[in-house]
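**Student:**
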Amino acid sequence: MDTSLDWFALATGLAGGLALFLIGMDQMTDALKALAGHRLQRILSAVSGNRVSGAATGAVTTAALQSSSVTTVLTVSFVSARMLGLTQAAAVIIGANLGTTVTAQVIALDAAGFSLALVAAGGVMWLFVPRRPWQQAGRAIASLGILFLGLQVMSDAMQPLATYPPVLGLLSGATSPLVAVVLGAAVTALVQSSSATTGIVVALAATGLIDLPTGIAVILGANVGTCVTALIAAIGKGVDALRTAMVHVLVNVFGALAWLIALPVLVDLVQAISPDEVASPRQLANAHTIFNAVNTVVFLALLTPMVALVRRIVRARSRTTEGDDARTGLHGYTTATAAVGLDTVAEEVRHLAAQVGDFLDTDFPAVAARPVAGMPSDESIEERKSAIRYRHRAIVTFLAELSHSSLDEAQSRQLLGLLSQADELAHDADILGSAFRRVARRRRRAGTSLSEESAGALVALQHLVRGELERAMNGATLPALGEEVEAQLESLATARLLNVGAGIDVDRHVVESDLADLLGRLALSAARLSEMRASASR
0 MDTSLDWFAL ATGLAGGLAL FLIGMDQMTD ALKALAGHRL QRILSAVSGN RVSGAATGAV
60 TTAALQSSSV TTVLTVSFVS ARMLGLTQAA AVIIGANLGT TVTAQVIALD AAGFSLALVA
120 AGGVMWLFVP RRPWQQAGRA IASLGILFLG LQVMSDAMQP LATYPPVLGL LSGATSPLVA
180 VVLGAAVTAL VQSSSATTGI VVALAATGLI DLPTGIAVIL GANVGTCVTA LIAAIGKGVD
240 ALRTAMVHVL VNVFGALAWL IALPVLVDLV QAISPDEVAS PRQLANAHTI FNAVNTVVFL
300 ALLTPMVALV RRIVRARSRT TEGDDARTGL HGYTTATAAV GLDTVAEEVR HLAAQVGDFL
360 DTDFPAVAAR PVAGMPSDES IEERKSAIRY RHRAIVTFLA ELSHSSLDEA QSRQLLGLLS
420 QADELAHDAD ILGSAFRRVA RRRRRAGTSL SEESAGALVA LQHLVRGELE RAMNGATLPA
480 LGEEVEAQLE SLATARLLNV GAGIDVDRHV VESDLADLLG RLALSAARLS EMRASASR
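Just so you know, we're using numbering that gives the first Met the number 0 here: the sequence shown kicks off at 0 and counts up by one.
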């Protein structure tokens, strides 16, 4: 029996193997997201109220992406953007745990003998096949080989521990499943990957350093530790997003505790299905599949009371606070896939356009038609501008981060188009704010009011311009200046000239000119937005 160890070789082997495993998992997930990412939002956001279909969607998405964390983060983000309801999201998250069983079964494969063959075959496809889908498929295959290679390196590095007396004594004394659960949760929270924890447990089992009950308990803990990712994703994204993350916590914590109590039953069942003499990767993978499958069925049956419990735990805050958190669906969002990220930004740009339209609808009639005392203050105008700037800044920041992702030509064009649209809308808000302040100050200083006829004509034109903005954001093709808008602008200009000839107040004339010019510039902006959206979709 060995009584000494080369600790440097063991540490570097373990660290290097874990690094290979994580790199392989990360690259494989990215490649699979690139292949399937453009379908994710349509799949997840189209989930019906049926809890079974929601769970199936979560399971399939996780199995395809090889990451429950990605599915969970996407779900939290969709809830924040109001694309999914809480009950729908809860079903998806419950199903995501079932999807992780595919990852565990893949890890349990005895693939060391052909890991380099996978790297070689995938590398050829990745580097030399010109078509992008085949490149991504090759990247996924090569990454799978790297993952298996990392498992083998970890297993080889820890092999000497199997005959090292101090380690054997430590492991023989560490018989508490609860300690193993805590250890699994801590490691997973640290590395942000339950798959990595499972890989370490598999490597330990392959060298005989861990028994089946302890291995199962560590994997139960890994299920708890993966909740950290969902909680991080929910930070600052509103009450429903936090509730969605809390569903993940309750499902995994209660599920782990229940199986910890029933651990002897689970061990007997696993040994009956796969009767190996010592803990094996296959036994651990089967245990992982069994407890996640049972948890899925049980928690789906308890979905309604569980959602009610989550609502009681995470209570809605005041409307003002919740509104602040929900000003943008991008706050705290994780860029899980380029396709989903771009679609989420497109939704935020539509919200930005709606904010600009509401700014116009609310304050234009106030400065044009109301008495001086009823006009908006500089503070209220600035508050509206600040809310628009907040969303614009969030969009620009998110797009800057997303630009570092792997984008194809169409996605790059869409990103630039969304950035241009957001900038155009932010510029519109600045124009509105400046014009409203200028007109309000002039009217207060001069005490002037517009005639009912002029105010009515301007407000009618304002409604027409708002309609043009909505049409542009809905994909309509607009001319540089619509015939109806141009005709009304000419009519207003003619009326102003006639009134000047009759000796009208100069302040009133300047106010009317300012407001008419503002609407003309917004109409031209709507036409530019129409062209930007058309160019981005080509």
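Note that beta-carbon positions come from the ideal geometry of N, C-alpha and C, so glycine has one too.
Nearest to F20 by CA position, among F7, S142, T476, is which residue?
**Tutor:** Measuring from the Cα of F20, the nearest candidate turns out to be S142.
**Student:** Can you look up L465 in the DSSP assignment and give me helix, strand or coil?
**Tutor:** Sequence inspection shows Arg at residue 465; the Leu mentioned does not correspond to that position. R465 falls in the helix class under three-state DSSP.
**Student:** Return the CA-CA distance between R6 and S385, expressed in angstroms with no decimal places.
**Tutor:** Looking at the sequence itself, residue 6 is Trp, so the reference to Arg does not match. Using only the alpha carbons, I get a separation of about 58 Å.
**Student:** Quick one: give me the first and last residue of the alpha helix (DSSP H) that R130 is part of.
**Tutor:** Taken as a continuous stretch (DSSP letters only), R130 belongs to no alpha helix (DSSP H), as it is neither H nor E.
**Student:** Please say whether V181 and A195 have beta carbons closer to each other than 9 Å?
**Tutor:** Cβ distance not < 9 Å, so A195 and V181 don't count as in contact.
**Student:** So, helix, strand or coil for S534, using DSSP?
**Tutor:** It is helical.
**Student:** Where does the unbroken alpha helix (DSSP H) through M305 begin, and where does it stop?
**Tutor:** Segment 302-312, the alpha helix (DSSP H) holding M305.
**Student:** For N291, which residues in the same chain have their Cβ closer than 6 Å to its Cβ, ignoring the five residues on either side in sequence?
**Tutor:** Hits under 6 Å: N96, L97, T100.
**Student:** Enumerated in chain order, which unbroken segments of the alpha helix (DSSP H) with a length of 4 residues or greater are wholly contained in the stretch 214-256?
**Tutor:** List check, alpha helix (DSSP H) in window: 226-233.
**Student:** Quick check on N96: does DSSP put it in helix, strand or coil?
**Tutor:** Looking at N96 - three-state DSSP - the assignment turns out to be helix.
**Student:** Would you mind working out which of V464, A30, V91 sits nearest A58, comparing C-alpha positions?
**Tutor:** Comparing Cα-Cα distances from A58 to each of V464, A30, V91, the minimum goes to V91.
**Student:** Would you be able to state if there are at least three C-beta pairs under 8 Å between the stretch 461-475 and the stretch 379-398?
**Tutor:** Not touching, per the Cβ criterion.
**Student:** Can you look up I22 in the DSSP assignment and give me helix, strand or coil?
**Tutor:** If DSSP states are grouped into helix, strand and coil, I22 belongs with the helices.
**Student:** With L431 as the anchor, note down where its alpha helix (DSSP H) starts and where it stops.
**Tutor:** Where L431 is concerned, the enclosing alpha helix (DSSP H) stretches over 408-445.
**Student:** For G144 versus G23, is the C-beta spacing smaller than 9 Å?
**Tutor:** For G144 and G23, yes; Cβs fall inside 9 Å.
**Student:** Taking C-beta to C-beta, are L211 and A286 nearer than 9 Å?
**Tutor:** Result yes, Cβ atoms of L211 and A286 sit closer than 9 Å.
**Student:** Straight-line CA distance for T361 to S534?
**Tutor:** Those two C-alpha atoms are separated by around 31 Å.
**Student:** With H, G and I counted as helix, E and B as strand and the rest as coil, what does DSSP make of M153?
**Tutor:** Reduced to three states, the DSSP call for M153 is helix.
**Student:** With a CB to CB cut of under 8 Å and the five nearest residues on each side skipped, what residues in its chain are close to L491?
**Tutor:** Once the five neighbours on either side are set aside, the close Cβ partners of L491 are S453, A456, L457, L460, E511, A515.
**Student:** Pull up the CB-CB distance for V348 and L415, whole angstroms please, since I reckon it's below 8 Å.
**Tutor:** Actually they do not touch by this definition, with Cβ atoms about 13 Å apart.
**Student:** From H508, S529, V250, pick the residue whose C-alpha is nearest to that of A475; which is it?
**Tutor:** Out of H508, S529, V250, S529 has the C-alpha closest to the C-alpha of A475.
**Student:** CB-CB under 8 Å to T320, same chain, minus the five flanking residues each way: which ones, in chain order?
**Tutor:** Here the model assigns T320 a pLDDT of 38, short of 50, so the residue's position is not dependable, and the following value carries that caveat. If we look at T320 and ignore the five residues flanking it on each side, it has no Cβ neighbours.
**Student:** Pop quiz: L265 and I215 are said to be a contact at Cβ under 8 Å. What is the actual Cβ separation, rounded to whole angstroms?
**Tutor:** Right, the Cβ-Cβ distance comes to about 6 Å (below 8 Å), so this counts as a contact.
**Student:** Figure out for me which residue from W133, L262, F358 has the closest Cα to the Cα of H462.
**Tutor:** Cα-wise, what sits closest to H462 is F358.
**Student:** For D323, which of helix, strand or coil comes out of DSSP?
**Tutor:** At D323, the pLDDT of 40 sits below 50, so the modelled position is not reliable; the number obtained from the coordinates is stated separately. Three-state DSSP puts D323 in a helix.
**Student:** Given a threshold of 16 other Cβ atoms within 10 Å of its Cβ, counted over all protein chains shown, does D429 qualify as buried or as exposed?
**Tutor:** Exposed, because fewer than 16 other Cβ atoms sit within 10 Å of the Cβ of D429.
**Student:** Is it the case that the Cβ atoms of A30 and R130 are separated by a distance below 9 Å?
**Tutor:** No; because the gap between Cβ atoms is not below 9 Å, this pair is not in contact.
**Student:** Output the boundary residues of the alpha helix (DSSP H) element that contains I209.
**Tutor:** From DSSP, I209 is part of no alpha helix (DSSP H); its letter is neither H nor E.
**Student:** What residues in its chain sit with their C-beta under 8 Å from that of V484, if we drop five residues either side in the sequence?
**Tutor:** Once the five neighbours on either side are set aside, the close Cβ partners of V484 are L460, L463, V464, E467, L518, G519, A522.
**Student:** I need the straight-line Cα distance from E381 to A434, nearest angstrom please.
**Tutor:** Straight-line Cα distance between these residues: approximately 12 Å.
**Student:** Of the choices S419, W258, A204, whose alpha-carbon is the least far from that of A345?
**Tutor:** Selected option, being the one with the closest Cα: S419.
**Student:** Considering only residues of the same chain and omitting the five flanking positions on each side of P375, which have a CB-CB separation below 6 Å?
**Tutor:** So the list reads D362, A365, once near-sequence residues are dropped.
**Student:** Going by beta-carbon coordinates alone, are T447 and D506 separated by less than 9 Å?
**Tutor:** Their beta carbons are under 9 Å apart, which means T447 touches D506 by this criterion.
**Student:** Please state the DSSP three-state secondary structure of L477.
**Tutor:** Three-state DSSP puts L477 in coil, outside helix and strand.
**Student:** Would A244 pass as a contact of V105 if the rule is Cβ separation under 9 Å?
**Tutor:** No.
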